[in-house]
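Let me begin by presenting the structure, written as structure tokens, before commenting on it.
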Amino acid sequence: MAGKWWGTITISDVPGFASAILNPTRKRPIIVVTTPGFTTPERIPPDTLAEAEELRRAVGDIADVAIVATGEVSFALEAILPDKWHIFNGFCRSYPMGIVADPDIRRSPLRRRRKGETASELVISDAFGHANASGVLEERPRGSVPATGTVKGFLLDGQQALVDAGGVMPAIVWRDMTCPGIPLEWLIAKGGVLPGELDRDHNRFVPRKPTFGAREALDAFPHGTVTLALVDSVDAEHAELRVHPDLAIQVHRSDVSSNPHDVLDLFLIEGEVVRVRIVHLSTGRPHLRLSDVDEDEPVLSSVAVVEGGTPWLVEGRNLPLAEPILDDAPVAEGDAPEVEVAEAEVQVDEPEPSVAEPAPEQEDDPASQRETKSAVQSMSMTITALRAENSHLHESAATADALRKEIELTKRMLRDARAELGEAQSKVSNLKELHKKAVAELNKLRKGQPAPVIQVSRPQDRRADWPDDESWLRSEIRNAWVERVQAADKTRHPLPDDYLVGTRFIDSLGVLDD
């Protein structure tokens, strides 16, 4: 069933429209398009109308579409919606289902069509993702038929792919109809042949995507196997990793580091691809462990998400950082001053007379001309100031992006340092434990026993054990050879049996201390 076309929302429509957005049982996303400047529902610019029509053509079968004029209508809508969910000044937004239960604004960023676009391809992708989450895309379109397509290339940083499915024009594969949030280049490759469904009415191709859950993970990855996982989210104690986009597995800090002082967000970064060990639990669920993964272990390739696709994770290829979400009024107003000025100048040059009190003709009145000139000059100064502020905001955004990248790099370096420190602390802890046990064992042996008296035997003391001096000397020489010559040297330096001992040599030993 086609989505609803709300048309242009008037001030009287706002309560009902806001109620539809907030409706917890809503099944379709609602896309709102706004005008790039203050106006009324009766004066919607042609570009905004064209954008809304393009959105209806692109996603009108799975989403509702509405136009909101920036001004009285957008402000009234903002007053009803949750904080940061406002929309105005030429931006558009796809409102997902359940924004009251899950008010995370990151699910629904503000979008603006880019150069060369009739409508924002990003908001279209958002709508597909929201429809996919609600189950709308599970309903097979009436014009859908089984087909096989060959991948010809990619568009919009992996948001779309072109597939030759036998039609006059290549069909489009949308990222968020296939795997929300994951670039299509991760799933399929140019030249790949994909089985799937072709929606001939909208020229969309949906690759066939097998179900993947706990059982499939246990079949794909034997117990103890090392493979790759994507870090989906992370905090100090827990992280959520995925070996498949449809299977999230939570790990605890102890699964990553044995050091109780470590925190996970210094070891893992959202969007990073890491090595993990698959553990089969007795509950029949897969689990992940990172603490005992060695760098030289073989890594089992990740799975293909769609039939005919490629392994979706590659070591060293991380998920790109998400675009910043513009959810504050100063940022959202962006380039609006230029549009507002054009309308303001028209109003100044041709003021509308009051209905209750008609204005007299004052075209030739010098005072009126001075007031008009003054108003225009004041507006011009305001424009200049707003443009300067807008330029400053753009510079600040660039600086913030650079700082964000620097912070991510610092976090990675700090993570490595913490890992090395953790290993050192673990070794020190083990040595301390061994020392503690050795001291305890020594104390146990010493407890209740007198200190042993060590008797030191000297060669002179052993003279009385032999009948003559030569026999005694030969015994001492042999004992010294046995005790002092290493086993490896005994073969090279054997002790001869036929050496002679002179009588005066034995007498000379008396002057030695030992």
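In the working numbering, the protein residues as written are 196 to 709.
Even glycine gets a Cβ: it sits at the ideal position worked out from N, Cα and C.
Starting from residue i, trace the beta strand (DSSP E) in both directions and tell me its first and last residue.
i: D259; result: D259 to T265
i: T406; result: Neither: T406 is in no beta strand (DSSP E) and is coded neither H nor E.
i: I226; result: I225 to F233
i: R484; result: P481 to R484
i: V468; result: V468 to H475
i: D394; result: V388 to D394
i: R437; result: H433 to H439
Can you check DSSP and say which residues form a bridge with residue i?
i: P378; result: In the DSSP output, where bridge partners are listed per residue, P378 has none listed.
i: P691; result: Looking at the DSSP assignment, P691 forms no beta bridge with any residue, so it has no partner.
i: V358; result: V346 and A366
i: V680; result: BP columns for V680 are empty, so no partner.
i: T422; result: V471
i: P298; result: Answer is none; P298 lacks a bridge partner.
i: S339; result: D394
Report, in whole angstroms, the separation of the C-beta atoms of residue i and residue j, which I expect to be a contact under 8 Å.
i: L393; j: A342; result: 4 Å
i: L413; j: V468; result: Going by Cβ atoms, the distance from L413 to V468 rounds to 21 Å, so no, they are not a contact pair.
i: I204; j: P240; result: Not quite, the Cβ-Cβ distance comes to about 15 Å (not below 8 Å), so this is no contact.
i: A431; j: V458; result: 4 Å
i: P405; j: E312; result: That belief does not hold up - the Cβ atoms of P405 and E312 are roughly 33 Å apart, past 8 Å.
i: V340; j: A356; result: Actually they do not touch by this definition, with Cβ atoms about 19 Å apart.
i: C374; j: P440; result: 5 Å
i: I225; j: A261; result: 7 Å
i: V295; j: P219; result: 6 Å
i: E678; j: P654; result: Not really, about 12 Å apart at Cβ, beyond 8 Å.
With DSSP run on the structure shown, which of helix, strand or coil describes residue i?
i: K347; result: strand
i: R306; result: strand
i: F286; result: coil
i: G211; result: helix
i: D427; result: strand
i: S449; result: helix
i: G353; result: helix
i: D656; result: helix
i: S703; result: helix
i: D522; result: Only weak support exists for where D522 lies, its pLDDT of 43 falling under 50; the value from the coordinates is given anyway. Reduced to three states, the DSSP call for D522 is coil.
i: Q557; result: The pLDDT assigned to Q557 is 46, lower than 50, so where the model puts this residue is not dependable, and the model offers no usable value.
i: I672; result: helix
i: T313; result: coil
i: F400; result: strand
i: D544; result: The predicted model places D544 with a pLDDT of 41, which falls under 50 and marks its position as unreliable; any figure quoted below should be read in that light. D544: helix per DSSP, three-state reduction.
i: I444; result: strand
i: W200; result: strand
i: V488; result: coil
i: S496; result: coil
i: V696; result: coil
i: V509; result: coil
i: E156; result: Outside the shown range of the chain (196 to 709) lies residue 156, about which nothing can therefore be said.
i: W280; result: coil
i: V268; result: helix
i: M292; result: coil
i: K385; result: coil
i: K632; result: helix
i: K627; result: helix
i: I206; result: coil
How far does the alpha helix (DSSP H) with residue i in it extend, from its first residue to its last?
i: S329; result: E316 to S329
i: E249; result: P241 to V254
Rank the options by C-alpha distance to the C-alpha of residue i and give the top, closest one.
i: R403; options: P390, H397 and A409; result: P390
i: Y290; options: V268, K222 and E312; result: K222
i: S428; options: E465, R699 and M364; result: E465
i: P304; options: W280, F323, L250 and R658; result: W280
i: N454; options: A314, K622, G511 and K385; result: K622
i: I282; options: A326, F233, E316 and R251; result: F233
i: R448; options: V438, F212 and H433; result: H433
i: P493; options: V500, L423 and P662; result: L423
i: L604; options: D487, G504, L461 and E490; result: L461
i: D693; options: E665, T686, A675 and A682; result: E665
i: R252; options: T220, W200 and D208; result: W200
i: L485; options: L436, R238 and P417; result: L436
i: V451; options: H482, A443, T478 and G387; result: H482
i: V401; options: L514, I216 and G504; result: G504
i: T229; options: R307, G198 and I257; result: R307
i: I444; options: F416, H418 and R480; result: R480
i: G361; options: F349, R399 and L382; result: R399
i: W507; options: H418, L476 and I383; result: I383
i: N284; options: L317, A264 and L609; result: A264
i: M364; options: G376, G387 and H397; result: H397
i: V421; options: D656, V498 and G353; result: V498
i: A322; options: D259, M608 and A683; result: D259
Give a yes or no on whether the minimum CB-CB distance between residue i and chain D is below 7 Å.
i: W201; result: Among the chains in the structure shown there is no chain D, since it carries only a single protein chain.
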